[in-house]
Amino acid sequence: MVVNFSLIDIIIMLVIIAAAIRGTMKGFVAESASMAALILGIGGAILFSRKLSLALEKYLGRTAWNQIITFLLIFLVIYIAIKLLEGILHAIFEKLNLNKLDSALGFFLGIAEGLLVGGLALFVLNWQPIFETHEILRNSLFYRLLLPFLPRTDIFFTPGGLLNNV
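Counted from 1, the sequence shown has number 1043 at position 25 by the working numbering; the numbering is strictly sequential.
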């Protein structure tokens, strides 16, 4: 069986390789904590900044800065807390001499990140209406492998689809 790789496959493979190398070098603890700090920091700030900004209005009055200050404050508190937890976990891994396990798990996390980025790129290419991507994606091995996991794109731009009702 001969496998031909398209240009998009080569690009996705390079992204996966780069992410795997980065994950190996940073380690699982640092890589997962960085992702968690960013995702949970932004998520927490989105969820709770409005409530805190309303409380801040009592002291600073009603300004647009209240929302910005509370968003940044909540983000930083969550980010710093997770980074402190990362430091503790990293110290535990070093104390137990689990550095190689940390690197190996980081490698696999990097591969997962690369596949996620590649899948997102394929989804966006398949979803966008600007130019035809059928020829680009038709011979893509990654597209055929990841297609069952990608969200359906046909409901976005068909008559009565999601984006036509906006």
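Ideal Cβ placement from N, Cα and C applies to all residues, glycine included.
| query | result |
| --- | --- |
| Closest by C-alpha distance to Leu-1134, when choosing among Ile-1026, Ile-1034 and Leu-1065 | Ile-1034 |
| Any 3 or more C-beta pairs closer than 8 Å across the region 1041 to 1053 and the region 1092 to 1107 | yes |
| Coil, strand or helix - Glu-1104 by DSSP | helix |
| Member of Arg-1162, Leu-1140, Ile-1086 and Leu-1168 whose CA lies at the smallest distance from the CA of Asn-1022 | Arg-1162 |
| Local Cβ density within 10 Å of Leu-1140, reported as buried at 16 or more and exposed below that | buried |
| The region 1113 to 1131 in contact with the region 1034 to 1048 per 3-pair CB rule at 8 Å | yes |
| Pairwise C-alpha distance: Ile-1039 and Thr-1151 | 30 Å |
| Alpha-carbon spacing of Phe-1066 relative to Leu-1025, whole angstroms | 43 Å |
| Rounded straight-line distance, which links the Cα of Gly-1079 to that of Lys-1186 | With the chain covering 1019 to 1184 only, the question about residue 1186 has no answer from this structure. |
| Length of the line joining the Cα atoms of Ile-1092 and Lys-1076 | 18 Å |
| Ile-1030 burial status per 10 Å Cβ neighbour count (16 or more: buried) | buried |
| Spatial neighbours of Leu-1058 in its chain, beta-carbon cut-off 7 Å, leaving aside the 5 residues before and after | Ile-1096 and Ile-1100 |
| Cβ pair Gly-1041, Gly-1128 closer than 8 Å | yes |
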